[in-house]
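Shown next, in structure tokens, is the structure this report addresses.
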Amino acid sequence: MVLNASRTRIPSSPTTTRVEVHRRRYARRLAITDTLVVITAVFGAHLLRYGFNNEPLTIGDRIFDFEIGYVVTSLLFVVGWLFSLQIFGTRDASVLDGGTAEYRRILDATMRVFGTLAILALLFQIQFGRFYLLIALPTGLALLVATRWAWRRWLRKQRTAGRFLQRAIVIGDRHKAEHIVDNITREPRSGIRIVGAVTTHGSRDPILDDVPVLGDFDDVLDIIDSHNVDAVILSTSDAITPKRTRQFGWALDQKRIGLIVAPALTDIAGPRIHTRPVAGLPLIHVEYPRFEGRQRIAKRAFDIIGSLGLIILFSPVMLAVALAVKGTSRGPVFYSQERIGLHGKPFKMFKFRSMVVGADDHLQSLLDQQGSSDKPLFKVNDDPRITPVGRFIRRYSLDELPQFFNALMGTMSLVGPRPQRAAEVALYDDDAHRRLFMKPGITGLWQVSGRSDLSWEDAIRLDLYYVENWSITSDVVVVARTAAAIVKPSGAH
Numbered sequence: 177m178v179l180n181a182s183r184t185r186i187p188s189s190p191t192t193t194r195v196e197v198h199r200r201r202y203a204r205r206l207a208i209t210d211t212l213v214v215i216t217a218v219f220g221a222h223l224l225r226y227g228f229n230n231e232p233l234t235i236g237d238r239i240f241d242f243e244i245g246y247v248v249t250s251l252l253f254v255v256g257w258l259f260s261l262q263i264f265g266t267r268d269a270s271v272l273d274g275g276t277a278e279y280r281r282i283l284d285a286t287m288r289v290f291g292t293l294a295i296l297a298l299l300f301q302i303q304f305g306r307f308y309l310l311i312a313l314p315t316g317l318a319l320l321v322a323t324r325w326a327w328r329r330w331l332r333k334q335r336t337a338g339r340f341l342q343r344a345i346v347i348g349d350r351h352k353a354e355h356i357v358d359n360i361t362r363e364p365r366s367g368i369r370i371v372g373a374v375t376t377h378g379s380r381d382p383i384l385d386d387v388p389v390l391g392d393f394d395d396v397l398d399i400i401d402s403h404n405v406d407a408v409i410l411s412t413s414d415a416i417t418p419k420r421t422r423q424f425g426w427a428l429d430q431k432r433i434g435l436i437v438a439p440a441l442t443d444i445a446g447p448r449i450h451t452r453p454v455a456g457l458p459l460i461h462v463e464y465p466r467f468e469g470r471q472r473i474a475k476r477a478f479d480i481i482g483s484l485g486l487i488i489l490f491s492p493v494m495l496a497v498a499l500a501v502k503g504t505s506r507g508p509v510f511y512s513q514e515r516i517g518l519h520g521k522p523f524k525m526f527k528f529r530s531m532v533v534g535a536d537d538h539l540q541s542l543l544d545q546q547g548s549s550d551k552p553l554f555k556v557n558d559d560p561r562i563t564p565v566g567r568f569i570r571r572y573s574l575d576e577l578p579q580f581f582n583a584l585m586g587t588m589s590l591v592g593p594r595p596q597r598a599a600e601v602a603l604y605d606d607d608a609h610r611r612l613f614m615k616p617g618i619t620g621l622w623q624v625s626g627r628s629d630l631s632w633e634d635a636i637r638l639d640l641y642y643v644e645n646w647s648i649t650s651d652v653v654v655v656a657r658t659a660a661a662i663v664k665p666s667g668a669h
């Protein structure tokens, strides 16, 4: 068998793979922009505070002029900041493919630098200019995050165009391989292109119509060589013993092929997963989602502060919308509708009226006409009930601005699952009811991922992912992405 023969091979000298070359080039680009950002932030603060003068630095009772002035201090500051970004792994390949880990490491590295600076100032009585530090820290941190975000956008565009991708094959039982392929191909910016599957048993028909089954596990090494594979995604399979898996890993190491193990867990974010080796076994510990105590207080505080701020910010816009609605169609300015909230409790959701009076009476007949009355997303395409002003305010989500008052009162949250009607909730299966574990949101993953263009399956998957993996950080990210989604309003009906 091919796998057994691999144990007797003499390991070849390491060579740099195509994927490693791409990662190193990308990391070098990040290093260049990081350097420019840190120099700009530090010496920009120096120029704003001291101009072109080399202001003397006071240490204890001594005043240093040109020996240790602020020019030298700024140079050391730049070197220390860049060194911290390097040693804290802000450019490691493991954090560059998505998620918030990259940004957390940048924040951690930056705060460590300023923490060290504060300790040195206390120990040696160094009198740093406060204004100098107050400019350098937030400016540098904001620019670092902004440039990393821009690079990440660039990388996603490259991957969408078919560049900077790992060619991978999936190994495992057919049903598990189908699940992996479906989830990875659904996200074209993941950086992985599935070129085929190797099944342990089952049909040789293509997986999901376009991913061929290339063979079985006994021929996997020959398949890897013939298809120029960069990585292997291994799912759990009873047919692949631990011994064969270990031998397979050794063979991949010789070929410099990446090994990715895909457990049968889906829609679980990184912070809930902890790998702990026990007796040589890499056991995966999964924390259950909790929404109580400090987490509940933090989210409620986020909703109150955020909704109050947004009400003040958008009050002129809300006044203008109210006047437009009142002046162009007969009926009230506001519209309230019963939706299902936390734990299935009904509540009144507020909106600016965007339809003619009595629009709800015609909903069922319109759904029947387009054949979607049995779907849990009650949306009518080209809805004739919408007024001209209503079409405009819906396009830019202005009709939803009164929901800030729902968030302030506590019936809704700024971020959460999509609020739905009782008739829609009646169509839920057992899994979908888990959406009701959290308050519905004014915005959410559904809002920034396609809105009404989403299928019901994708909408429920996103809502369940949010419920399972909620965090304040994710709420902030969703709110930021919502602004972009409103500017480019696709999927709004």
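Heads up, the sequence shown stops at 669 in the numbering used here, and the numbers go up one at a time, no gaps.
We put the CB at the ideal spot given by N, CA and C, even for glycine.
The criterion of a C-beta distance shorter than 8 Å is not satisfied by D358 and S411. Comparing alpha carbon positions, the residue from V497, G265, R470, V248 closest to A207 is G265. In terms of Cα proximity to F478, the closest of R637, F580, I282, D268 is F580. The Cβ atoms of G367 and L397 do not sit closer than 8 Å to each other. When the Cα atoms are used, V346 and G482 turn out to be separated by approximately 44 Å.
Here the alpha carbon of Y202 sits roughly 16 Å from the alpha carbon of R365. DSSP places F264 in no beta strand (DSSP E); its state is neither H nor E.
A distance below 7 Å between beta-carbons, with the five flanking residues on each side excluded, links M531 to the following residues of its chain, in chain order: R561, I562, T563, G566. Per DSSP, reduced to three states, the secondary structure at F253 is helical. CA-to-CA, the gap between L258 and D381 works out to about 52 Å. The beta strand (DSSP E) runs lying completely inside the segment 305–382 and spanning 3 residues or more are 342–348, 368–375, given in chain order. Nearest C-alpha to E463 among E278, D210, W646, L603: W646. With 16 or more other Cβ atoms from the protein chains shown falling within 10 Å of its own Cβ, N582 counts as buried. Comparing alpha carbon positions, the residue from D386, P388, A353 closest to T376 is A353.
Per DSSP, the continuous alpha helix (DSSP H) segment holding T504 begins and ends at 470–504. Contact annotation: E514 and P522 have beta-carbon atoms nearer than 8 Å. Short of 7 Å from the beta carbon of E278, and not among the five residues preceding or following it, lie these beta carbons of its own chain, in chain order: T266, V271, L272, R324. Taking C-alpha positions only, K431 is separated from A438 by approximately 20 Å. In this structure, Q623 is the residue among Q623, V533, R194 with its C-alpha nearest to the C-alpha of R571. The continuous beta strand (DSSP E) containing E514 extends over residues 510–516. Shown here for F490: same chain residues with a beta carbon closer than 6 Å to its own, the five before and five after excluded, namely L577 in chain order. Here the segment 591–605 does not lie against the segment 497–512, with fewer than 3 beta-carbon pairs under 8 Å apart. The beta carbon of T649 lies closer than 6 Å to those of T276 in the same chain, with the five residues before and after it left out. In the same chain as L261, and ignoring 5 residues on each side of it, the C-beta atoms closer than 6 Å to its own belong to D210, A285, in chain order. By the Cβ neighbour-count rule, A407 is buried, with 16 or more other Cβ atoms within 10 Å of its own. Judged by their CB atoms, D634 and G620 are not nearer to each other than the 8 Å cut-off. For T619, DSSP records a beta bridge to V591. Looking at the DSSP output, K527 bridges to Y511. If you ignore the 5 residues before and after T315, its C-beta comes within less than 6 Å of the C-beta of A217, all in its own chain and listed in chain order. If you draw a straight line from the Cα of R335 to the Cα of I356, it is about 19 Å long. The C-beta distance from V643 to R597 rounds to 19 Å, too long to meet the 8 Å contact threshold.
For A599, the enclosing alpha helix (DSSP H) stretches over residues 598–601.
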